[in-house]
Amino acid sequence: MPGDAGEGVLCLQDQRDVFHLERESGVIPAATAGGQPGQTTVRVRFQEHSDVRYECAYCVYVNGDPTEEVIVLRGDSREVEA
Numbered sequence: 000m001p002g003d004a005g006e007g008v009l010c011l012q013d014q015r016d017v018f019h020l021e022r023e024s025g026v027i028p029a030a031t032a033g034g035q036p037g038q039t040t041v042r043v044r045f046q047e048h049s050d051v052r053y054e055c056a057y058c059v060y061v062n063g064d065p066t067e068e069v070i071v072l073r074g075d076s077r078e079v080e081a
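In numbering that gives the first Met the number 0, the protein residues as written are 0 to 81.
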């Protein structure tokens, strides 16, 4: 599922009838040359207002090569619904 190294393909599980995750900016995983943490922005769009919990996993690349490590993003629709 990963794309090009540093591009960070978003969701291993994407239930488009309920929610969709997309990367807005940054690199996943994000880091700077000085070793300081980088930053990435992810948008979650819900197709319906309900008690939805979402989860996705990102592959970690080191020097362009995938590792066995993953970063997991979890959230709850109740935190973002108006």
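The beta-carbon is built from N, C-alpha and C at its ideal position, and this holds for glycine as well.
- With a beta-carbon spacing of about 11 Å, threonine 66 and tyrosine 57 fall beyond the 8 Å limit used to define contacts.
- Around glutamate 23, the same chain offers Thr40 and Arg42 as residues with beta carbons nearer than 6 Å, after the five sequence neighbours per side are excluded.
- Within its own chain, the residues whose Cβ lies closer than 7 Å to the Cβ of valine 69, once the five positions on either side in sequence are excluded, are Ala56, Tyr57, Cys58 and Val59, listed in chain order.
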